[in-house]
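Engineer: For the sequence shown, our numbering begins at 49 and goes up steadily by one. We put the CB at the ideal spot given by N, CA and C, even for glycine.
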Amino acid sequence: MKVVRNIAEIRSITSALKSSHKSIGLVPTMGALHQGHISLVEKSGQENDVCIVSIFVNPTQFDKKEDLINYPNTLTNDLEVLKKTTCQIVFIPDAEAIYNNAIISEEFSFDGLENEMEGKHRSGHFDGVGTIVKKLFELAQPTRAYFGEKDFQQLQIVKKLNSNENLGIEIIGCPIFRESDGLAMSSRNIRLTKTQRAEAPFIYQTLKTAVKKFETEDIASISQWVSSVFAKNTSLDLEYFEIANENTLKPNTSKNTNTKYRAFIAVFAGSVRLIDNISLQQQPNKP
Ligand code: AMP
Numbered sequence: 049m050k051v052v053r054n055i056a057e058i059r060s061i062t063s064a065l066k067s068s069h070k071s072i073g074l075v076p077t078m079g080a081l082h083q084g085h086i087s088l089v090e091k092s093g094q095e096n097d098v099c100i101v102s103i104f105v106n107p108t109q110f111d112k113k114e115d116l117i118n119y120p121n122t123l124t125n126d127l128e129v130l131k132k133t134t135c136q137i138v139f140i141p142d143a144e145a146i147y148n149n150a151i152i153s154e155e156f157s158f159d160g161l162e163n164e165m166e167g168k169h170r171s172g173h174f175d176g177v178g179t180i181v182k183k184l185f186e187l188a189q190p191t192r193a194y195f196g197e198k199d200f201q202q203l204q205i206v207k208k209l210n211s212n213e214n215l216g217i218e219i220i221g222c223p224i225f226r227e228s229d230g231l232a233m234s235s236r237n238i239r240l241t242k243t244q245r246a247e248a249p250f251i252y253q254t255l256k257t258a259v260k261k262f263e264t265e266d267i268a269s270i271s272q273w274v275s276s277v278f279a280k281n282t283s284l285d286l287e288y289f290e291i292a293n294e295n296t297l298k299p300n301t302s303k304n305t306n307t308k309y310r311a312f313i314a315v316f317a318g319s320v321r322l323i324d325n326i327s328l329q330q331q332p333n334k335p
């Protein structure tokens, strides 16, 4: 596994790969790797000649300075973990090189996707995501790029970026990897206290109950129920719960038979912000 830190070097590697018609799979990450990330890496390795993983904590997608400062960094361990996977190249640029000393975002329009949920609650977040993803795509020249459904809105936005800018990359969405108690894996989970960690599976339990309720109840009553159960929880504060159209991400108040719906949730455990989501059209045999 090759570690590349230099922009000129990654450019020359990926240009050479392109010239020899090798397919490149890219997995962009912010490090503090867990099994969720690794599931993307393995898929990328299986489907491409070369798998590149980037590790870069992108400053422009953080709306709160403390969140950026406190973002976990486990680089030594990340490299050990990646060595055991199908990853051949790890790209670890620094912020100055990526941003040319001007750490600012490009402004994007993602046809309104950027104004919902995470966009409402994290000002400038998706301009930051668009900026870094576009730069990484330009450097890594991927044939396919892998993103988790854990950040479902981000996945839809990257698909929109790809089509708006005619990048011609195959954007692959990968299922959410969970701990055995249902908590969605996240780099932020290591910042939870013992009590918060013990309470955190409540988020997924609530989403699963919402799936059941969706069969018989209307959207307003499900949303009220979610607010009421979180109001009683002393460790977790609900930021938002929304049932939205999977494609437009617009919140829905009524159900249409031909629309795919998903429930989205953001919760604070102290200062740690956790997000999760679930399809409301579950396969019958799924637990
Ligand atoms: P991050 O390092 O948090 O920016 O995540 C890098 C990529 O891994 C993103 O595409 C995430 O959606 C994805 N990812 C993070 N956690 C999970 C998870 N639990 N399951 C699947 N994909 C994930």
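(1) Could you check what DSSP says for Glu218 in three-state terms: helix, strand or coil?
(2) Grab the span of the beta strand (DSSP E) containing Thr77 for me, first residue to last.
(3) Go ahead and label Ile238 buried or exposed: buried means 16 or more other beta carbons lie within 10 angstroms of its beta carbon, across all protein chains shown.
(4) Would you mind reading off the limits of the beta strand (DSSP E) that contains Lys50?
(5) Looking at the ligand PLP, does it come within less than 7 Å of Ala311, judged from the CB to the closest heavy atom?
(6) How about Lys70 and Val89: do their beta carbons lie closer than 8 Å?
(7) For the ligand AMP, is there any heavy atom lying closer than 7 Å to the beta carbon of Met396?
(8) Can you check the region 96-135 for any beta strand (DSSP E) of at least 3 residues that lies completely inside it and give the ranges in chain order?
(9) Does the distance from the CB of Phe195 to the CB of Ile180 come in under 8 Å?
(10) Where does Thr29 land, buried or exposed, given buried means 16+ other C-beta within 10 angstroms?
(11) Grab me the residues of Pro335's own chain with a C-beta within less than 7 Å of its C-beta, minus the 5 sequence neighbours each way, in chain order.
(12) Taking buried to mean at least 16 other C-beta atoms within 10 Å of its own C-beta, is Thr243 buried or exposed?
(13) Kindly indicate which residue of Ser228, Gly73, Val52 has the alpha-carbon position closest to the one of Thr191.
(14) CB Phe156 to CB Gly172, shorter than 8 Å?
Structural biologist: The short version:
(1) For the purposes of this step, residue 218 is taken as residue 170 along the sequence shown, with counting starting at 1. Three-state DSSP puts Glu218 in a strand.
(2) Residue numbering aside, residue 77 sits at position 29 when the sequence shown is read from its first letter. DSSP places Thr77 in the uninterrupted beta strand (DSSP E) bounded by 72-77.
(3) Start at 1 with the first residue of the sequence shown, and residue 238 comes out as number 190. By the beta-carbon neighbour count (other beta carbons within 10 angstroms, threshold 16), Ile238 is exposed.
(4) Taking the first residue of the sequence shown as 1, we reach residue 50 at position 2. Taken as a continuous stretch (DSSP letters only), the beta strand (DSSP E) holding Lys50 covers 50-52.
(5) Ligands in the displayed structure: the ligand AMP; the ligand PLP is not one of them.
(6) To locate residue 70, count along the sequence shown from 1; it is residue 22. To locate residue 89, count along the sequence shown from 1; it is residue 41. In this structure, Val89 does not lie closer than 8 Å to Lys70 by Cβ.
(7) The structure shown does not extend to residue 396, since the chain is modelled only from 49 to 335, so the question has no answer here.
(8) Here the runs fully enclosed are 98-103.
(9) Looking up residue 195 in the sequence shown gives position 147. Looking up residue 180 in the sequence shown gives position 132. Going by C-beta atoms, Phe195 is not nearer than 8 Å to Ile180.
(10) Beyond the ends of the chain as shown, which are 49 and 335, falls residue 29; an answer cannot be given.
(11) Position 287 of the sequence shown, counted from the first residue, corresponds to residue 335. With a pLDDT of only 49 at Pro335, under 50, the local geometry of the prediction cannot be trusted, and no value is derived from it.
(12) By one-based count along the sequence shown, residue 243 stands at place 195. Around the beta carbon of Thr243, a 10 Å sphere encloses fewer than 16 other beta carbons of the protein chains shown; the residue is thus reported as exposed.
(13) Your numbering for residue 191 matches position 143 in the sequence shown. Residue Gly73 is the option with its Cα nearest to Thr191.
(14) Here the question's residue 156 lines up with position 108 in the sequence shown. Here the question's residue 172 lines up with position 124 in the sequence shown. Not closer than 8 Å, so no.
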